[in-house]
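Report on one structure; see the data block that follows.
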RNA sequence: GGUCCCUUCGUCUAUCGGUUAGGACACAUGGUUUUCAUCCAUGAAAGAGGGGUUCGAUUCCCCUAGGGACCGCCA
C-alpha cells in the first residue's frame, strides 16, 4: 500500500472562500487520519488572472485554520515544461493529435449548436486527417483523443458508481496553440508526480475526472482514488462563487470567530458522525472518514457558526482566550493598553459568558478599555434625582469601605435597597449606567470589582 | 438543450427494512437573573409526489416534480 497523499489545489485567481477551505480541511483531515501527507499546489497557470495577493491570502487562510501542508508549496507554473513533455509524448503515442481549427471556426460551431439547441461537442475534425493537409497559417492546438465507444465508470468514494457515455466527453485541448498546457493535463501530470493517492475535491470537477482518468490510462499511470464532495451553497441555493458574496475567512475572523469553531462548523457541514456535534482537533482527525460525507449540497448557516463559536469561547481557557482577544483587538479594533491587560484578563471569567464572538467580548469590555465613560444617551436620562441620591449614598459608603470585596458591597447595596424602599434594579441600574454608560452589561458586582474602588468612586463623582 | 448528481423539521444532520422518525442550531413559552445575556425546562417543526418490491418502507427499484453541477485554447 502506498502512503496516503492528498492535496489541495486552488488557483490564485480570487480569494479563497469558505467552500475551498472546507475542501482543504477534508483533504488535510483525511491525510492526518491515514498518517499520510497533505500537499498544497498553487494552480497558477492562468497568467492573466493569477494574482500574488490571492496566493498570499490562500496561504494565510490555511495557516489561520491550522491546516499545514507537508513540504513547500508546489507551484504549478514551474512545472509547465514537464506538462509539455507529456503532451508531446501523448502525441507521439497516438493518444493525442493536432487540431488546426481556427478559433473562429470553433466559435461558429458552438453558435450553431446553440441555435439548434443541441449540445456542443467538438466535431473531432482533425482526429483522423493527415497532417500534410494542415493549413500553414494556423498554429494547432493539441487535443486528447478521447474514447468514443462504450461507457466509463467512476468509482467515487463519495458519489458511488457514476457511469457516463464516452461520446459525451469531447476531444479536449491539452496544449494551447501558444504551447501552454491546460488544466486537465497539468493537474493530472502534477497529481501523478506528487504521488497523490486520494483526490478529494468539489463536485464541480466530476466531469473532468473522466478526462483525467483517460490521461492516466494513456500514460499507463496508476489512477488515484477520487472523492467528489458536494458543494456548499449560498442561502438561496447557488454555488459559492469567488465573484459575488462568497465569504472569505477574513469575513469571519474580523467579527471574532475562532478558527477552531469554524473548523468544527465546516467539518460538520456535509459530514457527520452519529449525533456528535463538537469535535476537538484530535477527535476530528481520529473520526474523519469519507463514508460520513453526504451527497447533497448544504447551505451556510451563520447562526450555527455563531453558536459553535459561543461554545468554543465559553470552553476556552482564559489565558488562551486573552491572547486571542489581544491579537484580535490589535488587528481589528484598538490595541489593548498594557495597564488594562490584567483587568481584562481577570474579567474574562464573566465576560466570556456573555459573548458569542471576540467582538462581543470587546464590546462588553469597553467600560474597562475606555478611561472615560461613554454614555448611551437613552440610558443616561434614567439617572434622575432619585437615582442620583442613591449613587451619592453608595459612593459615600463605598469610599469608607476598608475591604473592597463582594460581600461588603452586597451589604451596602442591600442596605440601600431597604433604606430607600426600592428593589435591586432601583440601585443596580443607575450604578451600571454611571460605571459603564449603558444599562446593558455584565453583572453589577462584576463591574464594580473589575474597576476597583478608586475607579468606581471616580466614575460616580462624575455625576452631573 | 445534453450529461451527471441530489431531495428527512426553516438550517445542519441521525436512521444502514420494523423507531412515538432522534439530535443540534434557529424559533416559541416558562423558570433562574438588577439589565442584556448565560443557564435550565418545555413546546412547535420533517421523510417532494406517484407507482412498485416486501408481511412491513424514510430506507430498495421505477417514473414525475423540484434543486444543483458541468458542458472553455478558466481552473
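Numbering (the working numbering), first residue to last: 91 to 554. Cβ coordinates follow ideal geometry from the N, Cα and C atoms, glycine included. Note that the structure is a prediction, hence the values are computed from the model and not measured.
Suppose you measure from the CA of residue i to the CA of residue j; what does that come to, to the nearest Å?
i: residue 198; j: residue 226; result: 21 Å
i: residue 328; j: residue 129; result: 29 Å
i: residue 292; j: residue 181; result: 30 Å
i: residue 265; j: residue 155; result: 36 Å
i: residue 467; j: residue 523; result: 10 Å
i: residue 136; j: residue 191; result: 22 Å
i: residue 272; j: residue 107; result: 24 Å
i: residue 267; j: residue 254; result: 29 Å
i: residue 346; j: residue 201; result: 50 Å
i: residue 141; j: residue 105; result: 10 Å
i: residue 445; j: residue 412; result: 13 Å
i: residue 372; j: residue 168; result: 36 Å
i: residue 208; j: residue 263; result: 21 Å
i: residue 287; j: residue 110; result: 20 Å
i: residue 211; j: residue 174; result: 25 Å
i: residue 375; j: residue 119; result: 5 Å
i: residue 388; j: residue 358; result: 10 Å
i: residue 485; j: residue 491; result: 10 Å
i: residue 353; j: residue 400; result: 14 Å
i: residue 464; j: residue 391; result: 34 Å
i: residue 149; j: residue 338; result: 13 Å
i: residue 274; j: residue 305; result: 9 Å
i: residue 193; j: residue 138; result: 19 Å
i: residue 189; j: residue 183; result: 16 Å
i: residue 172; j: residue 315; result: 23 Å
Mapping the DSSP letters down to three states, classify residue i as helix, strand or coil.
i: residue 544; result: helix
i: residue 361; result: strand
i: residue 93; result: coil
i: residue 131; result: strand
i: residue 491; result: coil
i: residue 156; result: coil
i: residue 317; result: strand
i: residue 453; result: helix
i: residue 355; result: helix
i: residue 251; result: strand
i: residue 103; result: coil
i: residue 203; result: helix
i: residue 261; result: coil
i: residue 496; result: helix
i: residue 164; result: strand
i: residue 139; result: coil
i: residue 215; result: coil
i: residue 292; result: strand
i: residue 186; result: strand
i: residue 387; result: coil
i: residue 447; result: coil
i: residue 469; result: helix
Report the CB separation of residue i from residue j in whole angstroms; it is logged as a contact under 8 Å.
i: residue 152; j: residue 114; result: 6 Å
i: residue 363; j: residue 377; result: 5 Å
i: residue 117; j: residue 303; result: The pair is not a contact, with the Cβ atoms about 19 Å apart (cut-off 8 Å).
i: residue 541; j: residue 525; result: 6 Å
i: residue 341; j: residue 321; result: That belief does not hold up - the Cβ atoms of residue 341 and residue 321 are roughly 18 Å apart, past 8 Å.
i: residue 455; j: residue 434; result: 6 Å
i: residue 553; j: residue 478; result: 6 Å
Would you mind working out which of the options sits nearest residue i, comparing C-alpha positions?
i: residue 95; options: 313, 229, 210, 301; result: 313
i: residue 278; options: 251, 387, 267, 309; result: 309
i: residue 443; options: 476, 407, 235, 504; result: 407
i: residue 235; options: 521, 307, 519; result: 307
i: residue 162; options: 392, 120, 98; result: 98
i: residue 165; options: 150, 132, 394; result: 132
i: residue 237; options: 228, 245, 260; result: 260
i: residue 382; options: 319, 432, 311, 395; result: 319
i: residue 469; options: 553, 508, 520; result: 520
i: residue 58; options: 205, 550, 101, 396; result: What the structure shows of the chain is the stretch from 91 to 554, and residue 58 is not part of that stretch, so it cannot be assessed.
i: residue 256; options: 477, 242, 159, 543; result: 242
i: residue 230; options: 239, 217, 240; result: 217
i: residue 351; options: 384, 380, 316, 396; result: 396
i: residue 239; options: 258, 282, 103; result: 258
i: residue 527; options: 417, 370, 473, 122; result: 473
i: residue 349; options: 282, 370, 325; result: 370
i: residue 285; options: 471, 91, 518; result: 91
i: residue 405; options: 419, 393, 438, 417; result: 438
i: residue 508; options: 280, 134, 483, 326; result: 483
- Could you say if the segment 494 to 505 and the segment 528 to 540 meet the contact criterion of at least three C-beta pairs nearer than 8 Å? yes
- Message: Across the segment 121 to 137 and the segment 298 to 306, are there enough close Cβ pairs to call them in contact, namely three or more that are closer than 8 Å?
- Response: no
- Item | At least three beta-carbon pairs within less than 8 Å, the segment 421 to 430 to the segment 456 to 467 | yes
- Is the segment 511 to 525 touching the segment 449 to 456, taking contact as three or more C-beta pairs under 8 Å? no
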